[in-house]
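Residue numbers (this note's numbering): 9 to 148. First comes the structure, then the notes that go with it.
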């Protein structure tokens, strides 16, 4: 599924510093049954030859479940990054940083798999993924 943003929304989404290389471990921030995820690929990432892909907040990624329910383990699923530890700069000049790296599992249509989310979510995710933002308890 190709997600193209309109020109008006794209103007407000800054160029994000990507802090999660391929192979990074993430906390699953929803109640879908997964606890820990491993980053496999970044969907839509275009880089140089032999360079590791990196993901940032709001990126859609493929992940493998390393800890969690038995039926979810060792499966490749799609997720959205909602928190990253690497600091990034917002358009108003403030710097933002979270305590952990976290993602939310999503279905192929963009709907979240879980019904609630643990912990805060970055405001940048709400522009790209409004359905994921609907289950967020706190948006920072």
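Beta carbons are placed, not taken as given, at the ideal position from N, Cα and C, and that holds for glycine. Since the model is a prediction, treat every value here as computed from it, not as a measurement.
Burial state of residue 123 is exposed, judged by a 10 Å Cβ sphere holding fewer than 16 other Cβ atoms. With respect to residue 33, residue 45 sits close: the two C-beta atoms are nearer than 8 angstroms. Taking residue 91 as reference, the option from 134, 40, 74 with the minimal CA-CA separation is 134. Shown here for residue 35: same chain residues with a beta carbon closer than 6 angstroms to its own, the five before and five after excluded, namely 108, 110 in chain order. The residue from 119, 147, 101, 78 with its alpha-carbon nearest to that of residue 23 is 101.
Judged by beta-carbon spacing, residue 97 lies beyond the 8 angstroms limit of residue 105, meaning their Cβ atoms are not closer than that value. Here residue 65 is not near residue 119, since their CB atoms are 8 angstroms or more apart.
For residue 135, the enclosing alpha helix (DSSP H) begins and ends at 131-136. Take the alpha-carbon of residue 60 and the one of residue 80: they are about 26 angstroms apart. Collapsing the DSSP output to three states places residue 23 in coil. Note on residue 147: under 16 other CB atoms within 10 angstroms of its CB, so exposed under the neighbour-count rule.
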